[in-house]
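First residue of the sequence shown: 538, per our numbering; consecutive thereafter. Ideal Cβ placement from N, Cα and C applies to all residues, glycine included.
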Amino acid sequence: MNSIERIQCGNSNCYIVNGDGAAVLIDTSVAPYREKIMEVCKDKNIKLIALTHGHFDHIHNAAYLSEKLCAPIAIHKADYGLSKDNMSEPLYAHSNLGKMVLAVSMQSIKRMEIQPFEPEVFLYEGLSLEDYGVQARIIELPGHTKGSVGLISGDTDIIVGDALMNIFYPCKSMLYENREVMEQSAKRISGFTDFNIHFGHGKPVKNRAW
């Protein structure tokens, strides 16, 4: 049975999905937290670094941690270009709070340089992570970005990246590439009754109708 370990990095999260003698790191946060993440990961036998999407606050340490942990990087093919240039795909928001978060995010994107990396694995719907030591599978959750994914761990937990957010309160993503598609992904997550939801930003909660 897997266990999920949250690494809080300021207002963002990374996760270690621990299996039987091996583990997968989900997302990598930003440079100021790389040593904190490395300290938690160093004895975990990390077999894969899986990125929920291509935004800088999830991929900034990917190259560094991949080299240190000797673990390949995985991302959805639709976010490959975004991982090279965060300005290559637009972001939108409709609420006042979302627009505030978007403005702050855009300032960070413009000044943040991402160390280049090449993924060895492309994530896709239904991909099993058993070969990397955990009983988990990938679920596609587009809308926040075109290639946003989540990870379903066993029958109890789902890591959703930024398909949902809990920055101020649990909600559908306040930022999105495509609002209609984001809404569809949120509705899909709602179907995982009694699951625990692990966000890219904020504390976990029990699932609900989104």
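Put simply, the backbone Cα of isoleucine 676 is about 19 Å away from that of glutamate 657. Partner residues in a beta bridge of aspartate 616, as assigned by DSSP, do not exist. In this model, leucine 588 and isoleucine 596 are separated by some 7 Å (Cα to Cα). By alpha-carbon distance to isoleucine 563, the top candidate from Ala608, Met538 and Glu650 is Ala608. Per DSSP, histidine 735 is one residue of the beta strand (DSSP E) stretching across 733-736. In this structure, isoleucine 612 places its C-beta atom within 8 Å of the C-beta atom of leucine 660. Residue pairing of glutamine 545 in beta bridges, as defined by DSSP: Asn550.
Unbroken beta strand (DSSP E) runs of no fewer than 3 residues, entirely contained in the region 668-731, are found at 673-677, 686-690 and 694-698, following chain order.
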